[in-house]
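Enquirer:
Rendered as structure tokens:
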């Protein structure tokens with residue numbers, strides 16, 4: 059805390075994703091407007107994408123830490139703030155902006171983000187934790203806020219064209235999906251939920267999520283909640299092109315339309331169990347062991363290959379600034 063006793067904000071920003079001069083002007087003017095001390099601005103680097111910077115800001119007494127950038131910057135700053143009680147505020151400046159979308163935080167509007175950072179409500183959410191074992195048997199721990207993916211999801215991230223992302227935004231992922239499908243081969247995994255026996259499956263993708271809304275309102279995991287102490291899993295096992303059509307139908311029609319009405323939910327209940335292209339599961343813990351090493355992504359960041367990963371949830375371990383007076387989004 060400053061000598062004058064006022065609060066100050068620490069702004070951790072990705073200089074590649076954000077306009078640093080605009081960011082500094084808006085947050086400095088906002089501090090004066092809302093009676094805060096002058097904010098401190100810290101650029102992320104390749105060596106430190108935000109984790110240590112957030113921890114330093116907490117030690118220095120920051121009252122809020124703002125992550126300005128894409129999902130990767132938000133994830134790293136959140137890792138530094140985990141269990142600290144110091145709120146995270148988000149300036150969504152990336153391609154997916156998935157946590158911001160799931161918390162109804164405005165996208166690409168620095169002034170609105172500034173107002174939320176200084177005056178918004180505090181909301182506590184869960185944090186996903188991934189203990190990743192690699193080829194050399196070393197294990198490293200990461201956090202994630204939205205979802206982790208193994209299979210086509212991770213291949214899509216690896217195949218996404220960065221120049222295309224700058225031009226068309228999240229639609230670049232559609233191009234990456236097409237290129238990933240061309241070389242896709244299902245792989246075998248063993249997975250085990252908390253207090254359950256291990257299961258084997260051939261999958262194209264397994265997703266472990268803390269929340270489930272994607273760009274364009276796609277409800278990939280419609281029942282996922284950021285504060286229920288559980289992780290939601292989607293195990294995708296499509297067979298051929300028709301299988302991927304069924305996946306798309308389920309995600310866009312069943313999840314996006316039918317679940318929103320009582321009649322639609324009755325239709326879904328009546329047809330429950332007939333479609334095996336996507337299996338939904340829920341647990342506070344799951345261990346996934348592929349027969350062969352697989353690529354893994356966390357909130358859109360490549361983290362390399364894994365031979366086994368244990369996913370757990372750290373309940374309500376992160377405080378996030380959200381728009382003032384807005385109730386949490388209801389679930390189906």
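Numbering (our numbering), first residue to last: 59 to 390. Cβ atoms here follow ideal geometry from the backbone N, Cα and C, with glycine treated the same way.
Considering only their Cβ atoms, is the gap separating residue 266 from residue 206 smaller than 7 Å?
Expert: yes
Enquirer: Ordered along the chain, which non-local residues of its own chain (more than five positions away) have a Cβ less than 6 Å from that of residue 107?
Expert: Excluding residues within five positions, the ones whose Cβ falls inside 6 Å are 134.
Enquirer: Beta strand (DSSP E) containing residue 140: first to last residue?
Expert: No beta strand (DSSP E) holds residue 140; DSSP gives it neither H nor E.
Enquirer: Quickly, what does DSSP pair residue 372 with across the bridge? List them, please.
Expert: 185
Enquirer: Since residue 367 and residue 193 are thought to touch, with beta carbons under 8 Å apart, how far apart are those beta carbons, to the nearest angstrom?
Expert: Actually they do not touch by this definition, with Cβ atoms about 13 Å apart.
Enquirer: So does the stretch 168–178 actually touch the stretch 348–357, counting three or more Cβ pairs closer than 8 Å?
Expert: No: the two stretches stay apart, fewer than three of their Cβ pairs being nearer than 8 Å.
Enquirer: Ordered along the chain, which non-local residues of its own chain (more than five positions away) have a Cβ less than 6 Å from that of residue 99?
Expert: 69, 82
Enquirer: Establish whether the CB of residue 179 and some CB of chain B are separated by less than 7 Å.
Expert: The structure shown contains no chain B; it holds only a single protein chain.
Enquirer: So for residue 173, helix, strand or coil by DSSP?
Expert: helix
Enquirer: Hey, quick one: how far does the alpha helix (DSSP H) through residue 163 stretch, first residue to last?
Expert: Premise fails: residue 163 is in no alpha helix (DSSP H) and is neither H nor E.
Enquirer: What does a CB cutoff of less than 6 Å around residue 256 pick up in its chain, not counting 5 residues either side in sequence?
Expert: 248, 250
Enquirer: Am I right that residue 186 and residue 377 are in contact with their C-beta atoms under 8 Å? What's the rounded C-beta distance?
Expert: Rounded, the Cβ-Cβ distance is 16 Å, inconsistent with contact.
Enquirer: Between residue 141 and the rest of its own chain, which residues show a CB-CB distance below 6 Å, the 5 nearest in sequence each way excluded?
Expert: 375
Enquirer: In its own chain, which residues sit with a C-beta less than 6 Å from the C-beta of residue 208, not counting the 5 before and 5 after it?
Expert: 264, 352, 354
Enquirer: Using a Cβ-Cβ cut-off of 7 Å (strictly less than) and excluding sequence neighbours within five positions of residue 110, which residues of its own chain qualify?
Expert: 138
Enquirer: Might you give, ordered along the chain, the residues of its own chain that have their beta carbon closer than 8 Å to the beta carbon of residue 75, omitting 5 neighbours on each side?
Expert: 126, 127, 128, 131, 151, 152
Enquirer: Taking the alpha-carbon positions, what's the residue 369 to residue 361 distance?
Expert: Going from the Cα of residue 369 to the Cα of residue 361 covers about 14 Å.
Enquirer: Alpha carbon to alpha carbon, how far is residue 101 from residue 244? Give it in angstroms, no decimals.
Expert: Residue 101 has its alpha-carbon roughly 40 Å from the corresponding atom of residue 244.
Enquirer: First and last residue of the beta strand (DSSP E) that includes residue 96?
Expert: Unbroken run through residue 96: none, as it is neither H nor E.
Enquirer: If you follow the beta strand (DSSP E) that residue 263 is part of, which residue opens it and which one closes it?
Expert: 263–267
Enquirer: Going along the chain, which residues of its own chain have a beta-carbon closer than 6 Å to the beta-carbon of residue 252, five neighbours each way excluded?
Expert: 341, 342, 343
Enquirer: Can you check whether the CB of residue 191 is closer than 7 Å to the CB of residue 197?
Expert: yes
Enquirer: Is it true that the CB of residue 204 sits closer than 7 Å to the CB of residue 156?
Expert: Yes, the pair counts as a contact, with Cβ atoms nearer than the cut-off.
Enquirer: With DSSP collapsed to three states, give me the class of residue 76.
Expert: coil
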